[in-house]
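One structure is given here, and the rest of the page talks about it.
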Amino acid sequence: MTLTEKLRERISRAFYSHGLLCASYPIPIILFTALCILACCYPLLKLPLPGTGPVEYSTPVKDYFPPSPEPGVQQGDLGERPDWYVGAPVAYIQQIFVKATVSPWQKNFLAVDVFRSPLSRVFQLVEEIRNHALRDSSSVKSLEEVCLQVTDLLPGLKKLRNLLPEHGCLLLSPGNFWQNDRERFNADPDIIKTINQHEPKTLQTSATLKDLLFGLPGKYSGVNLYNRKRVVSYTVTLGLQRYDSRFLSSLRSRLKLLHPSPNCTLREENIIHVHFKEEIGIAELIPLVTTYIILFAYIYFSTRKIDMVKSKWGLALAAVVTVLSSLLMSVGLCTLFGLTPTLNGGEIFPYLVVVIGLENVLVLTKSVVSTPVDLEVKLRIAQGLSNESWSIMKNMATELGIILIGYFTLVPAIQEFCLFAVVGLVSDFFLQMFFFTTVLSIDIRRMELADLNKRLPAEACMPPAKPVSRSQRYERQPAMRPATPHTITLQPSSFRNLRLPKRLRVIYFFARTRLAQRLIMAGTVIWIGILVYTDPAGLRTYLTSQLSENQTQQREQKPGLESLSRLETNQHTWAQGPEGKGNGQPELGAEAEVTWGAEDEEIWRKLSFRHWPSLFSYYNITLAKRYISILPAIPVTLYLNPQEALEMRHPQEANRYHPFLSASQGKLDAEAQPDRASPKLQGHRDVTLYKVAALGLASGIILVLLLFCLYRVFCPKNYGQNGLSHSRRKRGDLPCDDYGYSPPETEIVPLVLRGHLMDIECLASDGMLLVSCCLVGQIRVWDAQTGDCLTVIPKPRLRRDSSGIFDYQESWDQSPDGKNGLDDSFENSHQLKRMLSPPQPPLFCDQPDLTSLIDTNFSEQVKVAESETRLRAVGSRQKETGYDFSSLVNKVYEEHSTSNCRNFGLAAPHGQAGFCVGTGSPRSLSCGNEEGGCSSRRKSLGDETFTGFDKSSPISSWGGDFESSVWSLDLQGNLIVAGRSNGKLEVWDAIEGTLRSSNDEGQSGITALVFLNNRIVAARLNGSLDFFSLETHTSLNHLQFRGAPSRSSISSSPVFSSSDVVLCQLTHTVSCAHQKPITALKAAAGRLVTGSQDHTLRVFRLEDSCCLFTLQGHSGAITAVYIDQTMVLASGGQDGAICLWDVLTGSKVSHMYAHRGDVTSLTCTTSCVISSGLDDVISIWDRSSGIKLYSIQQVGSRGAGATSSGCEGAAVRLCPPPNLTRACCPQELGCGASLGVISDNLLVTGGQGCVSFWDIGYGDLLQTVYLGKSNESQPARQILVLENAAIVCNFGSELSLVYVPSVLEKLD
Amino acid sequence: MPRLENCTWSCSCTARGRHKNHLGDTAAGLAAKVGDMLNSSVSSSSLALVGHGARSPSTSSVSSNTSSSSTLNLSQHLVQRSLVLFVVGAFMALVLNLLQIQRNVTLFPEEVISTIFPSAWWVPPCCGTAAAVVGLLYPCIDSHLGEPHKFKREWASVMRCIAVFVGINHASAKLDFANNVQLSLTLAALSLGLWWTFDRSRSGLGLGITIAFVATLITQFLVYNGVYQYTSPDFLYIRSWLPCIFFSGGVTVGNIGRQLAMGIPEKPHND
């Protein structure tokens, strides 16, 4: 193997397992990918929006001079100077940043006082600025000369006419709201209303008037009623035409002198030049638009190739999402590592998409879609991935190579492009592998479901799937659940064929997804959130108040001395308010202090970037392709004393807030001090309530989310059918220690069923009942739950022997119960029962006469013997009631039966039947796989018996009578079908022990039987196959044979079935199905498979007995056959080979040389095939690839240690677990003869006097249960897995019921 | 680029008479070989790609040749294909010329620029014609050589090719290279990459080189006669990267032409 091939192999293996992983856990993986994308895109938040954002450039204030208009001149001096920085700016913006507060704050002040007096000072300030003039030696320079003279507003802005300056300096301040007239301000009763009257009601996108006049974002101004900080900020914005440094510095120094800001830390070093990009013109857009059109055409043509999937649109969307988010990821990652994109993102974006491409996605889809449809979804995904793995990797490498070459062009732009492309390619690969593959798997799964729905009607004969369904699609499909096959198949198909009108479908869609409810829910949540957030007493104010309160409290704790002294200094410096000095009383409340912090620096940055363009656009000045220079702001701090604030108060304001004040006053009968505190307290209490509620809600939500996530992570959807991938994932840790809690041996005590005299020959079970037959031909029916012997069907001639020995403990015990229960209800039959119940054996004496009589009458002349059947029905009714006493435990059931007795009619059966169908539906699904217990026994016994039988049957001679022995048994519902060595087929009632029908048309011994629905297929020794159909005479009874043997129906089924006439008709005979005796017979999924000694298998269709295929491939007699609902057929032969077949096409899927001897037993799980052979090795194979996973060799007389034959060249498949050596059978003989699979993870093998439980995923021995105390050398020859996961082994003449403890079930 | 392209096309225009005859032959040959494959559905698909512009002319042509027979079908098909190619070429010329003019790479006489069209009126028609000729030539040569082009025959790949071609033009117009040699080398590599990625046929390579050569000659000739000029010529009278652009343009148009020619088998598939 060359290096390339090795690499190739390895890559395809990696892709295979990756595909399995993705398909197994779609939801967690998608979540994980989404998280990755979000995390990688996070840095993008910091990038400015492409295209329209302004560009900044800053120069120091010191010796600033406007750049010369000649672009060429300055090219030399500063390299980093942007090329737009030429010529004078449109305007210089000078902001005077005012922070004002009333200090000290008196407690009886109103909320309006926070901003009314500070705002009133703006007029004075504006006046100062307007009148400022620089007096030079030569001349006087006033503001008018430097400032930007504006003309008319645009005609469309009439309503702003009074608010924005016209025909004069561009000077904006909050005073403009009142036309810079102090009197208007004083007369204004509601300041807030005035300010907010021009605010847009909806979401604001660009600058509002409030922002323009205040010069800073509205929320920073502090002009509202809930300003806990009590600091009001605003700016006076001044537009300057020319930069006159002397004038500006004189203005600055004067303002600073008048209103010093002692703790101001603003750096006033830089002039920021802001350049605004032009609006993009049509001409430049054309090439861009063209590229985008091409891009969309590319995407369109690419995605339309996606085919054979459930939802083309969904996948196309996923593909586009994959590419786009990989691009975003690449940009985000590059930004994260410090590379800022300099290219115009919009321009290179299409090229990036084209380079990255959608090809891989398409290739993946195609490859997955072209995998065989009958495979399981995750296997399809895995195979599809691994098929294309090599080409994908090759392409990827090629592209990376090309891009790397591009990187060496040393052109910065190309290098950057390449960098983005490389990162994009890698992230695209990542997304393809995780995101797209997973989406694809989901899609394919959906398609499979849809497919299945369509396909079902065609195979109406197919019985419903097992509840422990072998494949995901079956399990997921709710339509498979109904009781009878007919209703199942008809219902969905008719439903599907009905073309609903579109509008109905939309409504259905709404109903199905509960869209409306979810929307309402989400809406409510959002609404509540908004309420909580915007409520005046709510979250937001609470948060701000918390902050400010903390600050004030801290400040208050400081010694009063310090505050006092500062107060004095403050007052001292107030030039404007000398009167305030007298007011510094000691009872003053909190004293405010204006702080200047880093957040105040360049406050204009917090404005919308459309702020300046929109301001200038009002005057028809465009900023496109031009720039403005923003000068450092001049800080101004205003402290107002309380008296001033009081004076400023508008009378209406006092009135409006008065009632509030007086109420608290009356309560506290203080002057006015604490009234401010009391609402605060109230508010505080409210807030505490809110806080508790919000915290509770939040923690609740988080808890729920957490639990949900945990649930999703730990319980993936494919719960209970985790195949190999699951166990492989966790292989690293020791399974036993983790969850393989092996229960102490005492916990599993096998329930031994005794009663048979001789070795048990045949076994059959349907989950509730268990039927066994021993060599003498005695058939016993057991309750699989309790282990009680329900019925004994003796061979008539052996009656004497058997009656003495039969152990009737159970029935005797139970009869009193039944009698008591019935006493009150039914007197007449009571005595009859009393008479009947003690001599139970005599009851059976009568039986043969009766049955034989009926039998003959029945099969030949059904119509004539009308009255006789009636008689018979009565008789059986009596018998049945007599029997019911012993077998029924429940009063309820008794009532049923008594009512039936009373009526003697058909009404009750009606009800019963319905009842059975309803309750027993899940159980009935399982019938298909339980049949043919006998045939497996035949296999295990070897063939010698069959061959010998042709000449002389040892059993019959031994029996010494003319009746032949039972060779095969099957059970369904309450009917037992027994095939005898003389070719006679008998149908017995399991509960009553009566012979319901018999057919002896065939002469050759029946070696195997299949009883499925109402069909019986018997394989005869001469290689012919007989198809019988079982019919009942009454009309409704079609249901009852299919009627499920659920717990509730067991007792009731005899009631109605006994009234029916069972007819067993030979419908079809395939005389020469095989050249040699048929050794294996199985049916499932509407197919019947026979295996024969002539080395071939044949597949028949069950409904019309038509032979579909003859499968050739074995070089020895067939010994074991397995078929399940998913149409997977496995066969094992004497040549030691196992073949897997596709039942749909009849082709051989794989062929494995498994054993050095006969394959004795064969079974499958969803992911593996388990076989045992005469060489005492149990091998576990991967079902899809046919590669051996591991094998277990028994420690036996051969003394071989447990070996793990790791398959050569397939190391990726499950490596044999390291602890396999200790996991070996303690029994002496090999336990390979019999196998059973309980769940997908639990294997049961029978050994010498014991059964062992194995974990399939690890090959670990979980537990061994010893069946008897005496370790006699009785091997457990046959294992039946029942519904309740109990195992029955025929252990000599005894049966053992072993209940698997629930701990073991929890394994998966 | 637009310049160059129109040159390419115009060059092929000049050679048009020759090609005309050639076309006639090829048409017959094609009729025999491609036969029914080329019928109306192709045209509709290809038209859909280009847009409505081409539809009305196509219908008119259809109405004019209502006679019958496969040859007629074929000729009709040929007309439709060439129309599509013409429109594509003209449109590309417009767009790419716009790119170059924005960057002041090509200079047209003043009065031309002042008009509504960003470039001279004769550029788009020339480019369109040239595109039609080249686009028809490629499948012809393929069929003559007897090796039908199989590599990546799908519209998605064609679109990708076009996008890369536009990208190459974009790069040549907008990127700042240290010197012209670097620019030319880069573009040459890119063009070769384009060919390798989307074409990989010897005939394609040969034809592309021929086109590049002829087109460059014609452009030189045009500039020499002062029809227009380049701002900073470094390869005689033109820019040195022009041949590369011509080459990739030829490959691209050839790709489109081939796709159009073989559109039929793919149609039912797509639908």
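Line order of the protein sequences matches chains A and B.
Residue numbering for the first sequence follows the UniProt record's numbering, beginning at 1 and increasing consecutively.
Residue numbering for the second sequence follows the UniProt record's numbering, beginning at 1 and increasing consecutively.
Backbone N, C-alpha and C fix where the C-beta goes; we use that ideal spot for every residue, glycine too.
Query raised in the report: Between which two residues does the alpha helix (DSSP H) carrying asparagine 180 of chain B extend?
Result: 180-198
Query raised in the report: Are three or more beta carbon pairs between the stretch 381-399 of chain A and the stretch 165-182 of chain B nearer than 8 Å?
Result: Two segments are said to touch when three or more pairs of C-beta atoms, one from each, lie closer than 8 Å; by this definition the stretch 381-399 of chain A does not touch the stretch 165-182 of chain B.
Query raised in the report: At least one CB of chain A closer than 8 Å to the CB of threonine 186 of chain B: is that the case?
Result: yes
Query raised in the report: For the 8 Å Cβ check, are there 3 or more pairs between the stretch 234-253 of chain A and the stretch 169-178 of chain A?
Result: yes
Query raised in the report: Can you give the Cα-Cα distance for leucine 258 of chain A and glutamine 179 of chain A, rounded to whole angstroms?
Result: 24 Å
Report task. Have a look at residue 1367 of chain A and valine 331 of chain A and give me their C-alpha separation to the nearest angstrom. Result -> The structure shown does not extend to residue 1367 of chain A, since chain A is modelled only from 1 to 1308, so the question has no answer here.
Report task. Spatial neighbours of proline 735 of chain A within its chain, please: CB distance less than 7 Å, with the 5 preceding and 5 following residues excluded, ordered by chain position. Result -> For proline 735 of chain A, the predicted structure reports a pLDDT of 35, less than 50, and the residue's modelled location is therefore unreliable. A value from the coordinates is still provided. Excluding positions up to five away in sequence, the list reads Asp1255, Tyr1258, Asp1260.
Query raised in the report: Hey, quick one: how far does the beta strand (DSSP E) through phenylalanine 97 of chain A stretch, first residue to last?
Result: 92-102
Query - C-beta contact flag for isoleucine 1180 of chain A and leucine 1189 of chain A at 8 Å - result: Their beta carbons are under 8 Å apart, which means isoleucine 1180 of chain A touches leucine 1189 of chain A by this criterion.
Query - Cβ neighbour criterion (16 or more within 10 Å) applied to valine 468 of chain A - result: Only weak support exists for where valine 468 of chain A lies, its pLDDT of 38 falling under 50; the value from the coordinates is given anyway. Result: buried.
**Report entry** Contact under 8 Å by Cβ, glycine 983 of chain A with arginine 1020 of chain A
**Finding:** yes
Query - Residues bridged to aspartate 989 of chain A (per DSSP) - result: A/Leu975
Query raised in the report: Mind checking if alanine 130 of chain B is an interface residue toward chain A, Cβ cutoff 8 Å exclusive?
Result: No, no contact with chain A.
Requested in this report: May I ask you to report which of helix, strand or coil DSSP gives threonine 335 of chain A?
Outcome: helix
Report task. Note down, one range per segment and in chain order, each alpha helix (DSSP H) of at least 4 residues found wholly within the stretch 103-163 of chain A. Result -> Qualifying alpha helix (DSSP H) stretches, in chain order: 116-131, 143-146.
Report task. Would you mind sorting glutamate 448 of chain A into buried or exposed? The rule is 16 or more other CB atoms within 10 Å of its CB. Result -> Counting Cβ neighbours within 10 Å, glutamate 448 of chain A comes out buried, since at least 16 surround it.
Query raised in the report: Mind checking isoleucine 526 of chain A: buried by the 16 CB within 10 Å criterion, or exposed?
Result: exposed
Query raised in the report: So which residues of chain B does lysine 394 of chain A contact, with C-beta pairs closer than 9 Å?
Result: Result: empty, since nearest Cβ-Cβ is about 14 Å, beyond 9 Å.
Query raised in the report: Residues of chain A with CB under 9 Å from glycine 167 of chain B, in chain order?
Result: Thr291, Ile348, Pro350, Tyr351, Val354, Val355
Query - Interface residues of chain B facing leucine 364 of chain A [CB-CB closer than 8 Å] - result: In chain order: nothing, as chain B lies at least about 15 Å away.
Query - Which listed residue (A/Ser233, A/Arg228, A/Asn227, A/Asn224) has its alpha carbon closest to that of leucine 213 of chain A - result: Checked all of A/Ser233, A/Arg228, A/Asn227, A/Asn224; the closest Cα to leucine 213 of chain A is A/Ser233.
Query - One or two residues paired with aspartate 1255 of chain A in a DSSP bridge - result: A/Leu1242, A/Asp1260
**Report entry** Any chain A beta carbon closer than 8 Å to valine 214 of chain B
**Finding:** no
Query raised in the report: With burial defined as no fewer than 16 other Cβ atoms inside 10 Å of the residue's Cβ, what is the status of phenylalanine 86 of chain B: buried or exposed?
Result: Note on phenylalanine 86 of chain B: 16 or more other CB atoms within 10 angstroms of its CB, so buried under the neighbour-count rule.
Query raised in the report: Are there 16 or more other CB atoms within 10 angstroms of the CB of glutamate 376 of chain A, so buried, or fewer, so exposed?
Result: buried
Report task. Identify whether lysine 891 of chain A lies in helix, strand or coil by the three-state DSSP scheme. Result -> Legend: pLDDT at lysine 891 of chain A = 47, less than 50; position of this residue unreliable, value from coordinates given subsequently. In the structure shown, lysine 891 of chain A sits in a helix (DSSP, three-state: H, G or I).
Report task. Compare the C-beta of alanine 163 of chain B against all C-beta atoms of chain A and say whether one is closer than 8 Å. Result -> yes
Query - Reduced DSSP secondary structure (H/G/I, E/B, other) of cysteine 1164 of chain A - result: Assigned with DSSP and collapsed to three states, cysteine 1164 of chain A falls in strand.
Query raised in the report: Taking C-beta to C-beta, are alanine 1085 of chain A and isoleucine 1123 of chain A nearer than 8 Å?
Result: yes
Query - Close Cβ partners of alanine 522 of chain A (< 7 Å) along its chain, the five nearest in sequence each way excluded - result: none
Query raised in the report: Where do the N-terminal and C-terminal ends of the alpha helix (DSSP H) with aspartate 142 of chain B fall, by residue?
Result: DSSP places aspartate 142 of chain B in the uninterrupted alpha helix (DSSP H) bounded by 123-145.
Query raised in the report: Buried or exposed: which applies to leucine 703 of chain A, given that a residue is buried once 16 or more other Cβ atoms fall within 10 Å of its Cβ?
Result: exposed
Report task. Could you list which residues in chain A have their beta carbon closer than 8 Å to that of valine 95 of chain B, in chain order? Result -> Ile286, Pro287, Thr290
Query raised in the report: Mind pulling the chain B residues with CB within less than 7 Å of lysine 277 of chain A?
Result: Within 7 Å Cβ-Cβ: nothing; lysine 277 of chain A doesn't reach chain B, min ~16 Å.
Query - Under 8 Å between C-beta atoms of threonine 1160 of chain A and valine 1237 of chain A - result: Cβ distance not < 8 Å, so threonine 1160 of chain A and valine 1237 of chain A don't count as in contact.
Report task. Tell me whether asparagine 999 of chain A sits in a helix, a strand or coil according to DSSP, three-state version. Result -> strand
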